[in-house]
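Residue 726 is where the sequence shown starts when you use our numbering, and the numbers rise one by one after that. Backbone N, C-alpha and C define an ideal beta-carbon position, used for all residues, glycine too. Bear in mind the structure is a predicted one, so any value in this text is a computation, not a measurement.
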Amino acid sequence: MSTSHDAITSIPTRQDLSDVAALRKQEGLGEDAVILIAPFHVDPPMRMPDDMCALLVVAVDVTIDAEPQLFAGDWLPEMRPADKADGDLVLQLTQHHRDEAAVDVEMLLACHGRWTRAGIWNGLSVEWPQVIASTVHTVMGLHTDSVEAAVPGDTVCA
């Protein structure tokens, strides 16, 4: 899982990528990873596939100025039990109730054996990954920092 706090400026090959498969390989993502933000144009999903229940966030990179550079996830056919998924961050996409072209995005974090809502955005356009990427990055970073700072035996959740 990638959560770099540094600006991405010294990777010239990333700027030249125009192929999703090459990006997946370069970033160590699975061949079915859903690319939400990349150095080239991608069309993000606006709904969950019928046979999937969530999108597990597997990578989110932002610059020091909070500009998203990479955002990716893997579709999940079912939610893992939260007690076996501690630290996982998932997104659920649903059609907005008033605008069928818009999407509602709910972000859930597995922590303390339960799924906890970490964010919700309603009525977003196809730009939704850019809207939520910095928050996703922050939640992932805070959770990681709290786990790393915990005394063994403590129960931690950001």
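- Taking the Cα positions, L816 is about 24 Å away from I789.
- D768 sits close to V851, with the two beta carbons spaced by under 8 Å.
- Approximately 6 Å separates the beta-carbon atoms of P770 and L818; this is inside 8 Å, confirming the contact.
- By the C-beta criterion, the segment 797–814 is judged to be in contact with the segment 774–783, since at least 3 inter-stretch pairs fall below 8 Å.
- DSSP places R772 outside both helix and strand once states are collapsed to three, so it counts as coil.
- Between the C-alpha atoms of H822 and L867 there is a straight-line separation of about 32 Å.
- V864 has its alpha-carbon roughly 19 Å from the corresponding atom of N847.
- In the DSSP annotation of this structure, L748 is not part of any beta strand (DSSP E); the continuous alpha helix (DSSP H) holding it starts and ends at V745 to E752.
- Per DSSP, V815 is one residue of the beta strand (DSSP E) stretching across L814 to Q820.
- Collapsing the DSSP output to three states places V785 in a strand.
- D757 sits exposed, since fewer than 16 C-beta atoms from the chains shown fall within 10 Å of its C-beta.
- If you compare the alpha carbons of D808, A810, I845 and D744 with that of D829, the shortest gap goes to I845.
- Take the alpha-carbon of P764 and the one of Q794: they are about 6 Å apart.
- Residue environment analysis places H862 among the buried positions, since at least 16 neighbouring C-beta atoms fall within 10 angstroms of its C-beta.
- Around the beta carbon of V759, 16 or more other beta carbons sit within 10 angstroms, so the residue counts as buried.
- Under the 10 Å beta carbon count, D813 is surrounded by 16 or more other beta carbons and is classified as buried.
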